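Counting in this note's numbering, the sequence shown runs from 123 upward without gaps.
Built from N, CA and C at the ideal position, the CB exists for glycine as well.
If you're wondering where the values come from, they're calculated on a predicted model, not measured in any experiment.
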Amino acid sequence: MDSISGPSLFRSYQRWHSGGPFSIKPIASLQIDNSLDRIRHAGSDDEYRAGVLAFQQAFAEQPPAILLAWSERARAVSRRFDVPVSDDGRDVLATLRVWRPAGDQRVAGRN
123 MDSISGPSLF RSYQRWHSGG PFSIKPIASL QIDNSLDRIR HAGSDDEYRA
173 GVLAFQQAFA EQPPAILLAW SERARAVSRR FDVPVSDDGR DVLATLRVWR
223 PAGDQRVAGR N
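(1) Would you kindly report the start and end of the unbroken alpha helix (DSSP H) that includes ARG171?
(2) Is the distance from the Cβ of GLY173 to the Cβ of ARG160 below 7 angstroms?
(3) With 16 other CB atoms within 10 Å as the buried threshold, where does ALA198 fall?
(4) In terms of residues, what are the limits of the alpha helix (DSSP H) holding GLY152?
(5) For ARG137, which of helix, strand or coil comes out of DSSP?
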């Protein structure tokens, strides 16, 4: 199953801490719990960074089997659009704002 993450470790805490509301119970790890608690209670940027590093190391040393598989998605776009190729491997929908009608097709609308 895909899980949603974000720019903070809030969802990671909910998913991977053994006391989190969305935790996967058989995967409880004291090392992961301690690192997430360090992040949660960090009083400075340096303490936060140290907690994140400990969290990454805990996953590297004891990776849950659930992380060994990764989903892939395929997207198809109509040839009626010129879609720029992304060199960084991002999903094609991330470039939606720069899509243009292909060729000389003009689309007029009444505003």
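With the structure as the only source:
(1) Annotation: the continuous alpha helix (DSSP H) that includes ARG171 extends over 167-183.
(2) With contacts defined as CB atoms closer than 7 angstroms, GLY173 and ARG160 qualify as a contacting pair.
(3) It counts as exposed.
(4) The sequence given here has Leu at residue 152, not Gly. For LEU152, the enclosing alpha helix (DSSP H) begins and ends at 152-162.
(5) Three-state DSSP puts ARG137 in a helix.
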